[in-house]
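Trainee:
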């Protein structure tokens, strides 16, 4: 087994590669778009039936909610589970709710707003960490099987 250094300790975790994280993220966005389209069709049908206009801005929260809830509850999203990846804290445990919140909301917003450099950073980081990993004190690793 390959070991990696986490917080100056030898750990049995293997950091996820940039490529596996990228494809897992693409899978997650496909899931988000499918759910968004299904909800939009439902809302549009409800608007037509009731002649009530529903605001569209709650749909903007869907990606944040999906990533936050999945990370906080299971330590992984659907895309990560396809590749056998999981998010862990520096201690090697499932991230705390606070860490998941920072990582999946504030951290990803910062990683995105600067031309996605926060995500691309993982391709050059020694431990394959993104800006949001650094901000939240998390790592993405291959899960033990």
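Residue numbers (my numbering): 59 to 203.
Just so it is clear, CB atoms sit at the ideal spot from N, CA and C, and this is done for glycine as well.
Quick check: the Cα distance between residue 108 and residue 98, rounded to an integer number of angstroms?
Mentor: 15 Å
Trainee: If you count every other CB in all the chains shown that lies within 10 Å of the CB of residue 91, and 16 or more means buried, which is it?
Mentor: Exposed is the call here.
Trainee: How would you label residue 191, buried or exposed, when you count the other beta carbons within 10 angstroms and need 16 or more for buried?
Mentor: buried
Trainee: I'd like to know whether the C-beta atoms of residue 43 and residue 199 end up nearer to each other than 8 Å.
Mentor: Absent from the structure is residue 43, since the part of the chain shown begins at 59 and ends at 203.
Trainee: State the DSSP-derived secondary structure class of residue 197, mapped to helix, strand or coil.
Mentor: strand
Trainee: With H, G and I counted as helix, E and B as strand and the rest as coil, what does DSSP make of residue 115?
Mentor: coil
Trainee: I'd like the list of long-range same chain contacts for residue 101, defined as Cβ closer than 7 Å, with 5 residues on each side in sequence excluded.
Mentor: So the qualifying residues of the chain are 112.
Trainee: Shortest alpha-carbon distance to residue 194 belongs to which of 158, 184, 179, 176?
Mentor: 158
Trainee: Within its chain, find whatever has a CB closer than 6 Å to the CB of residue 63; leave out the 5 residues flanking it on each side and keep chain order.
Mentor: With a pLDDT of only 44 at residue 63, under 50, the local geometry of the prediction cannot be trusted, and no value is derived from it.
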